[in-house]
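Report on the following structure.
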Amino acid sequence: MINRVLAIAATELLIAVRNRWVLIATLMMLVFSLALTFAGSAPTGALGVDMLTVSVASMTTLSVYLLPLIALMMSFDAIAGETERGGLALLLSYPVSRAEILVGKFLAHVCALTFATLIGFGASGLIAAFSGGADNASLVALMRLILTSILLGSVFLALGYALSSLTGSASGAAGFGAALWLVLVVLFDLGLLGAVVMDNGGVFTQKVFPWIMVANPADAFRLWNISATENLALATGMTGAADGLPIWAAPVSLLIWPILALLTARASFARVEP
Amino acid sequence: MTNNLLAIAHANKIRGKTPVLQDISLNVAAGERVALLGHNGAGKTTLMKCVLGLTNLSAGNISVAGVRPGSAKARAATVYLPEAVSFHKSLTGREQLTLFARLSGANGGKVGPLLERVGLADAADVRIGAWSKGMRQRLGMAQVMLGTPSVALLDEPTSGLDPVSRHELYTMIDELAASGTAVLIASHTLSEVEARTDRIAIMRKGALVADGTLNWLTANAGLQTRLRVRARPGDTEQVRQQLGGNRINGASIELSCPAEHKMQQLRQIASLGDLIVDFEMMQPGLEELYRHYSGEKLQ
Numbered sequence: 328m329i330n331r332v333l334a335i336a337a338t339e340l341l342i343a344v345r346n347r348w349v350l351i352a353t354l355m356m357l358v359f360s361l362a363l364t365f366a367g368s369a370p371t372g373a374l375g376v377d378m379l380t381v382s383v384a385s386m387t388t389l390s391v392y393l394l395p396l397i398a399l400m401m402s403f404d405a406i407a408g409e410t411e412r413g414g415l416a417l418l419l420s421y422p423v424s425r426a427e428i429l430v431g432k433f434l435a436h437v438c439a440l441t442f443a444t445l446i447g448f449g450a451s452g453l454i455a456a457f458s459g460g461a462d463n464a465s466l467v468a469l470m471r472l473i474l475t476s477i478l479l480g481s482v483f484l485a486l487g488y489a490l491s492s493l494t495g496s497a498s499g500a501a502g503f504g505a506a507l508w509l510v511l512v513v514l515f516d517l518g519l520l521g522a523v524v525m526d527n528g529g530v531f532t533q534k535v536f537p538w539i540m541v542a543n544p545a546d547a548f549r550l551w552n553i554s555a556t557e558n559l560a561l562a563t564g565m566t567g568a569a570d571g572l573p574i575w576a577a578p579v580s581l582l583i584w585p586i587l588a589l590l591t592a593r594a595s596f597a598r599v600e601p
Numbered sequence: 184m185t186n187n188l189l190a191i192a193h194a195n196k197i198r199g200k201t202p203v204l205q206d207i208s209l210n211v212a213a214g215e216r217v218a219l220l221g222h223n224g225a226g227k228t229t230l231m232k233c234v235l236g237l238t239n240l241s242a243g244n245i246s247v248a249g250v251r252p253g254s255a256k257a258r259a260a261t262v263y264l265p266e267a268v269s270f271h272k273s274l275t276g277r278e279q280l281t282l283f284a285r286l287s288g289a290n291g292g293k294v295g296p297l298l299e300r301v302g303l304a305d306a307a308d309v310r311i312g313a314w315s316k317g318m319r320q321r322l323g324m325a326q327v328m329l330g331t332p333s334v335a336l337l338d339e340p341t342s343g344l345d346p347v348s349r350h351e352l353y354t355m356i357d358e359l360a361a362s363g364t365a366v367l368i369a370s371h372t373l374s375e376v377e378a379r380t381d382r383i384a385i386m387r388k389g390a391l392v393a394d395g396t397l398n399w400l401t402a403n404a405g406l407q408t409r410l411r412v413r414a415r416p417g418d419t420e421q422v423r424q425q426l427g428g429n430r431i432n433g434a435s436i437e438l439s440c441p442a443e444h445k446m447q448q449l450r451q452i453a454s455l456g457d458l459i460v461d462f463e464m465m466q467p468g469l470e471e472l473y474r475h476y477s478g479e480k481l482q
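Chains as they are written, first to last, in the working numbering: chain A, 328 to 601; chain B, 184 to 482.
Quick look at the structure:
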């Protein structure tokens, strides 16, 4: 079983490198995180935190938008593309299970994302640390950012496989992927913001809002990174949002989501008739 | 019965409200090569996908090497060549075949010799995206030859192949059968498969309309031999009255008769002497035989 998963993973990784997905993802991460690190270096003095902290804060905001996008771009074609080419029927005629195929692809794509995140955020973090100082806390924050970014990416990878299975065509999956990104990453927060404004500090804002927020993997990612470091919360100006939640809520949400998303992908893949 | 590595019994498949497979029973024994003929959309590919366990039957039963289609054991015992096979264009032929070898648990050392066998040794390390259709088809055949399967399902294996590769492909199919594999070959040209298979099964609109050897098919079709005679100018009507048949233009008459009455008809024509100036006989060909079973009207 492990052999088959590794065989699929090795092949997918080869394809990701050949298709230049690894290169594109890494360059995107590197360019955006470097740009944000230097653009965001101004408030260092005013807040009294080191430059790495500010850099991590900026990169957290970047990661929320960028990683789901890169993950969905990598994964939307995974099942639908194979079906369209006619390769899936052949693959499934081999003694390899659908779960093994899915896990193999997932491993390869997570590796590609990990590489891009390590290079992008790692390089920016190091530059920030050398040019503007760092301490233990901000280094831990950088590590946390990289790890949680990979978790966030893996959620959207698996959701991408589910869409790719359900829509049946690569172009359809791309469209639904864009919609999913827009809803979970952009509109969800806008909707919550609207609800909070309407509620005007009532029961919803106090009790319900934090839980709905943390249920979204993108927000759980943001909350985990920000609430874990006081300085970071200060630097992003998001001090109040996580106050109504226990400390474990965001990590639990972000750890459960990849498993949930993979199970959804597995169930969707089971319905595909190549 | 136990010898039938592939046993399909009363297979039915309904998609929406349309029946795509209707009560199909077909057996392929070890070492037997069976051609599955039919038009596009007759249900050949659907039947193969049911045998692979990719599509579930609505009713009926299929057994592959004694087990349920799609089970791990059945998949390990089956090889498949899809119609117009296509691989990932970013991989090289060697990488693609190595993946299949690893998935099937076959010996990785077979990859190189197999690529050479199908004439892809020079292109083995070129990306498949740059390959021709015939080359992809040959890679498809190479993956079929990776193991020693119980059942081989080949969906139009010769599409896109030149005559030389086609010949080589049938040699490989013979090898598979000789090693005890039950081979099912989907095709839509009878003339291509008749000499290379042991039995011919023909599907029409999801139903099996014939299953037997070429001799059996010919005998059962009861096709008419057509005779065409040209009469001496001016005597066409007289000839028609004596022989029957239809006038097809000013001077010719077409007759048809069952194969066994051919000689009798010929003697009658000869007895007319000078009235006949030319004579032509058209035997039913393989394509006509195929069209008879697959239900297409003769032109």
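Backbone N, C-alpha and C define an ideal beta-carbon position, used for all residues, glycine too.
Between residue 477 of chain A and residue 440 of chain A, the CB-CB gap stays under 7 Å.
Within the DSSP secondary-structure output, residue 440 of chain B pairs in a beta bridge with B:408.
In this structure, the beta-carbon distance from residue 390 of chain A to residue 364 of chain A does not fall below 7 Å. The distance from the Cβ of residue 310 of chain B to that of residue 274 of chain B is about 7 Å, consistent with a contact at the 8 Å cut-off.
Per DSSP, the continuous alpha helix (DSSP H) segment holding residue 375 of chain B begins and ends at 373–376.
Residue-level contact by beta carbon holds for residue 238 of chain B and chain A, with a gap shorter than 7 Å. For residue 413 of chain A, the residues of chain B that pass the 9 Å Cβ criterion are 265, 266, 267, 268 and 269, in the order they occur in the chain.
When DSSP reads this structure, residue 395 of chain B sits in a beta bridge with B:383.
In the DSSP assignment, residue 526 of chain A falls outside any beta strand (DSSP E) and lies within the alpha helix (DSSP H) extending over 515–526. For the pair residue 399 of chain A and residue 508 of chain A, the CB atoms are nearer than the 7 Å cut-off.
Judged by DSSP in its simplified three-state form, residue 350 of chain B adopts helix. Residue 339 of chain A counts as buried, since no fewer than 16 other beta carbons sit within 10 angstroms of its beta carbon. At least 7 Å separates the CB of residue 463 of chain A from every CB of chain B.
Shown here, residue 202 of chain B sits in a strand according to DSSP, grouped into three states. Residue 591 of chain A has its alpha-carbon roughly 33 Å from the corresponding atom of residue 530 of chain A.
For residue 280 of chain B, none of the residues of chain A pass the 8 Å Cβ criterion, the least Cβ distance being about 11 Å. Non-local beta-carbon contacts of residue 193 of chain B in its own chain, meaning distances under 8 Å to residues more than five positions away in sequence, involve 206, 207, 208, 242, 243 and 244 in chain order. CA-to-CA, the gap between residue 328 of chain B and residue 377 of chain B works out to about 22 Å. Just measuring C-alpha positions, the residue of B:442, B:424 and B:432 sitting nearest residue 455 of chain B is B:424.
Under the criterion of beta carbons closer than 8 Å, residue 482 of chain A and residue 585 of chain A qualify as touching, at roughly 5 Å. For residue 261 of chain B, the enclosing beta strand (DSSP E) stretches over residues 261–264.
Across the structure, residue 332 of chain B and residue 345 of chain A are spaced so that their CA atoms are roughly 33 Å apart. When Cβ-Cβ separations below 7 Å define contact, residue 417 of chain A makes contact with chain B.
Contact between the segment 445–461 of chain A and the segment 274–288 of chain B is absent: fewer than 3 CB-CB pairs across the two stretches fall below 8 Å. With 16 or more other CB atoms across the displayed protein chains lying within 10 angstroms of its CB, residue 596 of chain A is buried. Nearest to residue 495 of chain A by alpha-carbon distance, out of A:408, A:535 and A:524, is A:408. Residue environment analysis places residue 251 of chain B among the exposed positions, since fewer than 16 neighbouring C-beta atoms fall within 10 angstroms of its C-beta. The straight-line gap separating the alpha-carbon atoms of residue 352 of chain A and residue 546 of chain A is approximately 22 Å. Excluding five sequence positions before and after residue 266 of chain B, the CB atoms of its chain that fall closer than 8 Å to its own CB belong to 228, 338, 339, 342 and 369, given in chain order. Closest in alpha carbon position to residue 256 of chain B, among B:367, B:287 and B:222, is B:287. At a beta-carbon threshold of 7 Å, the residues of chain B lying near residue 342 of chain A are 271, 273 and 274, ordered along the chain. Look at residue 413 of chain B here: in three-state DSSP terms it is strand.
Think of a sphere of 9 Å around the beta carbon of residue 232 of chain B: the chain A residues whose beta carbon falls inside it are 416, 600 and 601, in chain order. Within its own chain, the residues whose Cβ lies closer than 7 Å to the Cβ of residue 330 of chain B, once the five positions on either side in sequence are excluded, are 262, 287 and 289, listed in chain order. Close to chain A, meaning a Cβ-Cβ distance shorter than 7 Å, are the following residues of the segment 243–258 of chain B: 255 and 258. Pairwise C-beta distances place the segment 401–419 of chain B in contact with the segment 444–459 of chain B, as three or more of them are shorter than 8 Å.
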